[in-house]
């Protein structure tokens, strides 16, 4: 089952990509493959064509104008269905010119025009609007020659450009472009037309909320004599109610929520009432969206709920087949029956979407639109992203996360060259709130102290030692995440004025191997948990009291520590030459300093960068492949022998995994070579390669045949057998 639009795919949690859509539902149009661009605040449906960028305009026609035809990967009817339901559409167009005039402004007849939907000619260009014979520079009054309304109309010998967006969707898409002023020897023109882009879907979010049991909307009689195709979404917390009903003298059609688990489709075409019921294994009054599709034709009727199996009922072989209705179509309640309480949206009947919102605006007891989208779609906002209610859907607020994108799942990272560093200053009241400080507002600026912190990030590097992250304070407290000279991850905490820092070495895993690694650290008081990559979390206990605090936070550094005052000498050694590699999705409590450096956020003013920070995803999360258990791991040892961990350098610098793999490959190659030698010897033995075993007495025999006969009395029999073998 294909969705109606890109908007529908977004609300299934899908990401940017190509999808099949059904632009008119049950209508006659074929399915269409489009590109869906899921951005943070909009869902763009993109329809492409075959015209190349900067296509040279050459006149191969006897007429004066050159014709450029655009062929889309959709029919005009399909595109009309997309633009008709969209809130907004646009298409970029650009004209590069040398002595090739465009619209011949200010008062001449246009040399160039474009043909859109319905084969209508249009004499306005990108950045302008219908009926205005100008280009974008003419609207903005910044053309290179102010006497003209288009840059190209100045007829310059230098290359000029007129470009902009066409956004009057009733004229789109661009089907043809006619270019006229290209016949002079020095004329040169190139054309670029972008894909058709539309966002929003009136049909998908056209909704009404029914707030009283007696509330209903009414529409004209449903014309479904021989076939009916009805689909809609509903959301409710009530255990029952009528979705819709249309009556005739004796005929009728009705869809109803009969109980908290049952949806009913009933009708009568004169042969007696027929009812189809689909039962859900879980309650439907869960305030979540559910989809209903009901169909009826002269052969059968069916009802489907969400992704449950479709219930089908065959039509009688004899009797009436036409559904004759006379009353209005009632949505929400009818005839004193118990009405529906909740929200209905995207109600389509025989391919047409009923405008519930427009009718709800003038109907008491019914409100246009729906609220509470986040109760259904919060699950799609990942990594701490917050679901934000919108009139026609929802969006994910990623501002307090280290991620980006429509669902807060896109890593935000950067590449660091040697010597580069980033500093974030803990200095504002808002940041204190994000950190979870318990201090009163007037004290926060002086003393940002934490009882707990959560730190997560990912990185990749080929060099050791180096500093990944360092948090300083106005006291002796600090926290550092390092890669030591052996390439292992090390965590150093110095809290509560202890004489020596508490060091945590993450086993013997080599993390300076150029592969992405993830780090998650959580501290509550003196209890600390560290997780590296997909390995199980490990718990540690810091020295000090149970209510241990990180006092007077000052700055957070990435890549290198440039701090005034005393720094731990061991850490100072790691400062040269500095971190080289990638850092990604860095988050300390609810502060994302690396994202703030690459995006404009409320803490960007607290960021200082030394060097050029280049955005990159090379430090993105590693694949989460679960490690083998000790029971199934052939390299696991219970003997306590000092075996290196996977990835540790051993001996003369040969990686253990590489040595094992190399040995296996060598054995396989040797086996293959031996097999080939055996096969070659066997083949040559039976295909003309032979041995001459000279018979005894050959010296005195008259011939070789005589020698054989003298030596072997069975020779005649052998010849006969040989002949038989040869004939076979």
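Numbering (the UniProt record's numbering), first residue to last: 1 to 728. Ideal placement from N, C-alpha and C gives every residue a C-beta, glycine not left out. Predicted, not measured: the structure shown is a model, and the values here were computed from it.
At the 9 Å Cβ level, is residue i part of the contact set with chain D, yes or no?
i: residue 413; result: You won't find chain D in this structure, because it holds only one protein chain.
Taking residue i as part of the beta strand (DSSP E), name the residues at either end of that continuous run.
i: residue 321; result: Taken as a continuous stretch (DSSP letters only), residue 321 belongs to no beta strand (DSSP E), as it is neither H nor E.
i: residue 479; result: 478 to 483
i: residue 505; result: 502 to 510
i: residue 176; result: 176 to 179
i: residue 254; result: 252 to 257
i: residue 189; result: 188 to 193
i: residue 196; result: 196 to 199
i: residue 388; result: 386 to 390
i: residue 312; result: 311 to 314
i: residue 493; result: 488 to 494
i: residue 540; result: 538 to 541
Tell me the residue span of the alpha helix (DSSP H) that contains residue i.
i: residue 219; result: Per DSSP, residue 219 belongs to no alpha helix (DSSP H); it is in the beta strand (DSSP E), 217 to 219.
i: residue 78; result: 76 to 85
i: residue 377; result: 374 to 377
i: residue 205; result: 202 to 205
i: residue 359; result: 356 to 360
i: residue 573; result: 569 to 574
i: residue 9; result: 6 to 10
i: residue 333; result: Careful: residue 333 lies outside any alpha helix (DSSP H) and carries neither H nor E.
Quick one: residues in its chain with C-beta nearer than 8 Å to the C-beta of residue i, no 5 flanking neighbours on either side, listed in chain order?
i: residue 214; result: 333, 339, 365
i: residue 462; result: 512, 513, 514, 580, 581
i: residue 14; result: 36, 38
i: residue 573; result: 465
Who are the Cβ neighbours of residue i in its own chain at under 6 Å, not counting the five residues just before and after it?
i: residue 98; result: 159, 188
i: residue 92; result: 165, 194
i: residue 312; result: 300, 302
i: residue 111; result: 101, 104, 180, 181
i: residue 756; result: This structure cannot speak to residue 756, because the chain is shown only from 1 to 728.
i: residue 262; result: 277, 279
i: residue 654; result: For residue 654, the predicted model reports a pLDDT of 41, less than 50, meaning its position is unreliable; a value from the coordinates is still stated below. Nothing listed; no residue qualifies.
i: residue 634; result: Model confidence at residue 634 stands at a pLDDT of 37, short of 50, so the residue's coordinates are unreliable and nothing is read from them.
i: residue 538; result: 530
Which whole-angstrom value is the C-beta distance of residue i and residue j, which I expect to be below 8 Å?
i: residue 510; j: residue 488; result: 7 Å
i: residue 153; j: residue 217; result: About 53 Å separates the two Cβ atoms, so there is no contact after all.
i: residue 583; j: residue 416; result: 6 Å
i: residue 11; j: residue 393; result: 7 Å
i: residue 384; j: residue 400; result: 7 Å
i: residue 264; j: residue 256; result: 5 Å
i: residue 49; j: residue 72; result: 5 Å
Is any heavy atom in the ligand ZN found nearer than 8 Å to the beta carbon of residue i?
i: residue 69; result: Among the ligands in the structure shown, none appear at all, so the ligand ZN cannot be discussed.
Going by beta carbon distance, what residues of the same chain come within less than 7 Å of residue i, once the five residues before and after it are set aside?
i: residue 41; result: 395
i: residue 206; result: 345, 346, 353, 355, 356, 357
i: residue 64; result: 180, 183
i: residue 81; result: 23, 24, 29
i: residue 567; result: 561
Under the three-state reduction of DSSP, which class applies to residue i: helix, strand or coil?
i: residue 97; result: strand
i: residue 579; result: coil
i: residue 532; result: strand
i: residue 65; result: coil
i: residue 730; result: Look at the range of the chain in this structure, 1 to 728, and you will see that residue 730 is not part of it.
i: residue 280; result: coil
i: residue 230; result: strand
i: residue 29; result: coil
i: residue 440; result: For residue 440, the pLDDT reaches just 42, beneath the cut-off of 50, and the residue's location in the model is therefore unreliable, leaving the point undetermined.
i: residue 427; result: coil
i: residue 470; result: strand
i: residue 519; result: strand
i: residue 326; result: coil
i: residue 673; result: helix
i: residue 340; result: coil
i: residue 595; result: helix
i: residue 590; result: coil
i: residue 733; result: There is simply no residue 733 to check, as the chain begins at 1 and stops at 728 in what is shown.
i: residue 398; result: coil
Can you name the residues that DSSP bridges to residue i?
i: residue 288; result: Answer by DSSP bridge pairing: none, since residue 288 is not bridged.
i: residue 730; result: The shown model of the chain, from 1 to 728, leaves out residue 730, and the question about it has no answer.
i: residue 162; result: 95
i: residue 368; result: 208
i: residue 411; result: 403
i: residue 37; result: 44
i: residue 53; result: Partner(s): none; residue 53 has no beta bridge.
i: residue 457; result: 519
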